[in-house]
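Q: Each residue of the sequence shown is one higher than the one before, starting from 1 at the first, in UniProt numbering.
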Amino acid sequence: MLPLTPQQIRAARAALGMTAQQVAEKAQVGVATLRRAEGPRRTATGLNRSTDAAIRRALEEAGIRFIDPSEDHEGGVVLRRGTPLA
1 MLPLTPQQIR AARAALGMTA QQVAEKAQVG VATLRRAEGP RRTATGLNRS TDAAIRRALE
61 EAGIRFIDPS EDHEGGVVLR RGTPLA
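1) Hey, would you say Pro69 sits closer than 8 Å to Ala37, going by beta carbons?
2) By alpha-carbon positions, which one of Met18, Asp52, Ala15 ends up nearest to Thr33?
3) In or out: Met1 buried (at least 16 other Cβ within 10 Å) or exposed?
4) Could you tell me how far apart the beta carbons of Val29 and Ile55 are, in whole angstroms, since I believe they sit closer than 8 Å?
5) Quick check on the burial criterion: 16 or more other C-beta atoms within 10 angstroms. Buried or exposed for Pro40?
6) To which residues of the same chain is Ile64 closer than 6 Å at the C-beta, ignoring the five residues directly before and after it?
7) Tell me where the beta strand (DSSP E) around Leu47 begins and ends.
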């Protein structure tokens, strides 16, 4: 499992209609930490593994499926069917 990219985190949050505060609470991380994770200057390896896992878990439990990048496409997110939006 590859680390989440800032773009994946922002896209997942937008797809769910969740605020940074809501995702941070669900992931049990600080809002500042989430904002750094979403930030344009963060590198893929610049996030603690446990923090990355907590954010991933929170967003997946809310209805997101992450797509890892491959040779022919960038990573992305998919909203599972029937997922209630915030």
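Backbone N, C-alpha and C define an ideal beta-carbon position, used for all residues, glycine too.
A: From the atom records:
1) Contact: no.
2) Nearest neighbour of Thr33 by Cα position, chosen from Met18, Asp52, Ala15, turns out to be Asp52.
3) In summary, Met1 is exposed, with fewer than 16 beta-carbon neighbours lying within 10 Å of its beta-carbon over all protein chains present.
4) Indeed, because the Cβ distance is near 7 Å, the residues count as touching under 8 Å.
5) By the 10 Å Cβ count, Pro40 comes out exposed.
6) The residues are Ala12, Val77.
7) Unbroken run through Leu47: none, as it is neither H nor E.
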